[in-house]
Structures are given as C-alpha cells and as structure tokens.
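Numbering (our numbering), first residue to last: 12 to 119.
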C-alpha cells in the first residue's frame, strides 16, 4: 500500500512540475502548425496515442524529456494501422519551443 501511495505521489509531483513550466498557447500553436493534432488528441486515441496516455507512460521515467524530444525532432518510424510511417518532425529548431512542447505533452 505504501508503494502505491508513493508511486501516486511521485506521478502527481512529476505532472505538476511539467505543468508549471508550460506555455499552453505557444505549445498548442506550434503543434497545430506541425500537424500533431492530425494524429494525436489530448485525451482520445486517434491514429497516434493521446497525449494523456503518452504522459502516463513517460512522466515518471527519468529519461522522459530526452525520449520525447528525440521522438518529435528525429522523425522515427512508427506503426499506424499496421503499416510503418515516418513520424512528422516538429516545425522548429528552437530548443525552448521544443522543451515547451515536451512539457505540454508530459503535463497532460
């Protein structure tokens, strides 16, 4: 039981830390410009996972920021409906904007 409570507290602390540093309007604007919402939604699965499920999967992992940064900036191959496609790359090279988008995803 203590482990469950500690895990829940850690998850809440992690999500709160990400949420404090997010410019939501800027993140959503860049994500719209980059076409992220064509395949992703905040709460519902589309062709890609929801940002809520991505946050749940990664926010307690120590390499969460690095993993998501690499994913949105390198265009890895992903499976969509059983076929492989190249993931779109975020349309910026600005490290601050990229960090903001990653924080946005992790704060959902």
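Beta carbons: idealized from backbone N, C-alpha and C, even for Gly.
Residue i burial status per 10 Å Cβ neighbour count (16 or more: buried)
{"i": "residue 111", "result": "buried"}
{"i": "residue 91", "result": "exposed"}
{"i": "residue 55", "result": "exposed"}
Selected residue, minimal CA-CA separation from residue i, among the options
{"i": "residue 58", "options": "38, 33, 99, 105", "result": "99"}
{"i": "residue 77", "options": "50, 62, 117", "result": "117"}
{"i": "residue 45", "options": "68, 69, 86, 64", "result": "86"}
Beta-bridge partners of residue i, as assigned by DSSP
{"i": "residue 106", "result": "Paired residue(s): none; residue 106 is not in a bridge."}
{"i": "residue 83", "result": "Partner(s): none; residue 83 has no beta bridge."}
{"i": "residue 76", "result": "Answer by DSSP bridge pairing: none, since residue 76 is not bridged."}
{"i": "residue 89", "result": "96"}
Beta-carbon proximity list for residue i, same chain, < 6 Å, skipping 5 on both sides
{"i": "residue 47", "result": "none"}
{"i": "residue 61", "result": "52, 54, 55"}
Assumed close pair residue i, residue j - CB separation to whole angstroms, cut-off 8 Å
{"i": "residue 33", "j": "residue 114", "result": "5 Å"}
{"i": "residue 88", "j": "residue 97", "result": "6 Å"}
Cβ neighbours of residue i in the same chain (closer than 8 Å, five flanking residues each side left out)
{"i": "residue 109", "result": "80, 83, 84, 101, 103"}
Other residues of its chain near residue i: CB distance less than 7 Å, five sequence neighbours each side excluded
{"i": "residue 128", "result": "Lying before the first or after the last residue shown, residue 128 is absent from the chain, which here runs from 12 to 119."}
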